[in-house]
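In terms of this note's numbering, the sequence shown opens at residue 135 and continues consecutively.
The beta-carbon is built from N, C-alpha and C at its ideal position, and this holds for glycine as well.
Below is one structure, written out as structure tokens, with a few remarks after it.
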Amino acid sequence: MINALIHFLGNIAMSIINTLGYSGTALAMAIESANIPLPSEIIMPFSGFLVSTGQFTFWGVVLAGTIGGTLGSLASYALGFYGGEKVVRKLIKKYGKYLLIYEYELDEAEHWFKKHGQLVTFTARLLPIIRTFISLPAGISKMEVKKFTFFAALGTFIWCIPLTYLGKILGDNWNTLGQYFHKFDIAIVILGLLVVTWYVYHKLKKHAQHQKKD
135 MINALIHFLG NIAMSIINTL GYSGTALAMA IESANIPLPS EIIMPFSGFL VSTGQFTFWG
195 VVLAGTIGGT LGSLASYALG FYGGEKVVRK LIKKYGKYLL IYEYELDEAE HWFKKHGQLV
255 TFTARLLPII RTFISLPAGI SKMEVKKFTF FAALGTFIWC IPLTYLGKIL GDNWNTLGQY
315 FHKFDIAIVI LGLLVVTWYV YHKLKKHAQH QKKD
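What follows is the structure, given as structure tokens:
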């Protein structure tokens, strides 16, 4: 089941980007920022890889990722804002397991938000996992939408730059690295699967630890 999920996530991210171009990068990032497990750690490097082929431009990819990530964050913010904590927790309890979303992750995000204040909607964007969940407590607490949008966009912009650059560097040095791979697709699939495998493993391991505590 896990292997199937890993393959599915990796393939769907690359298919969206290949099919829709910049819009695909934005859509994939929106999905990720709406708390659906489609890791930006595969979306942005893959898009950056395509910069080296001339299909994309560097800043075009960063902008697309920023717009998509911000829109996805606003969707999560809206759920928290209009639904409130009760609705958010109910949805997570009922459907979260199918998306690798757990209630304790909301608890962690709320703790971060209460401890560090509204600025955490920016700083959390630079951290794996927690970066997507911080939008929910921001909405639940009725944070001003303009301020939230600014912090979310700024944090997402900064997050996208190194990930895009990583993919571009891999592409720019493809002639050197090519001797280790037979095909472009093989390299991308391997890289993507490694990232998604780490993501899913981290999520499941953390969930298992919380279940033991309970």
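Below 8 Å on the Cβ atoms is my contact criterion, and I expect residue i with residue j to pass it. Report the Cβ-Cβ distance as a whole number of Å.
i, j, result
"Ser77", "Asn169", "Residue 77 lies beyond the residue range present for the chain, which begins at 135 and ends at 348; the question has no answer from this structure."
"Val222", "Leu213", "6 Å"
"His294", "Gly199", "Checking the sequence, you will find Cys at residue 294 rather than His. Right, the Cβ-Cβ distance comes to about 4 Å (below 8 Å), so this counts as a contact."
"Tyr216", "Phe190", "In fact, because the Cβ distance is near 35 Å, the residues do not count as touching under 8 Å."
Could you check whether residue j and residue i sit closer than 7 Å to each other, using their CB atoms as the reference points?
i, j, result
"Phe183", "Leu304", "yes"
"Gly206", "Ala164", "yes"
"Ala160", "Ile201", "yes"
"Gly364", "Thr290", "Missing from the structure shown is residue 364; the chain here goes from 135 to 348 and no further."
"Val185", "Lys302", "yes"
"Thr266", "Ser181", "no"
Drop a sphere of 10 angstroms on the beta-carbon of residue i, count the other beta-carbons inside from all chains shown, and report buried for 16 or more, exposed for fewer.
i, result
"Gly262", "The amino acid at residue 262 is misidentified as Gly; the sequence shows Pro. Result: exposed."
"Leu240", "buried"
"Glu237", "exposed"
"Leu297", "buried"
"Gly312", "Residue confidence is low: Gly312 scores 48 on pLDDT, short of 50, so the model does not pin down where it sits. Its coordinate-derived value is still stated next. The residue in question, Gly312, is exposed, as its Cβ has fewer than 16 Cβ neighbours within 10 Å."
"Gly158", "buried"
"Leu253", "exposed"
"Ile320", "Any reading at Ile320 is ruled out, since the residue's pLDDT is 48, under 50, leaving its predicted position unreliable."
"Tyr229", "exposed"
"Ile150", "buried"
"Phe318", "Residue confidence is low: Phe318 scores 46 on pLDDT, short of 50, so the model does not pin down where it sits. Its coordinate-derived value is still stated next. With fewer than 16 Cβ atoms within 10 Å of its Cβ, Phe318 is classed as exposed."
"Ala162", "buried"
"Tyr314", "With a pLDDT of 44 at Tyr314, under the threshold of 50, the modelled position of that residue is not reliable, and the figure given next carries that caveat. When all chains shown are included, Tyr314 counts as exposed."
Quick check on the DSSP output: the alpha helix (DSSP H) that includes residue i runs from which residue to which?
i, result
"Thr298", "279-306"
"Ser157", "156-167"
"Arg265", "264-267"
"Thr255", "254-257"
"Gly81", "Only positions 135 to 348 of the chain appear in this structure, which leaves residue 81 out of reach."
"Gly182", "174-186"
Are the stretch 252-259 and the stretch 170-189 in contact at 8 Å, needing three or more beta carbon pairs?
-> Fewer than three Cβ pairs drawn from the stretch 252-259 and the stretch 170-189 lie within less than 8 Å of each other, which leaves the two stretches out of contact.
Is the stretch 237-247 in contact with the stretch 262-273, if contact means three or more CB pairs nearer than 8 Å?
-> Enough Cβ pairs lie closer than 8 Å, so yes.
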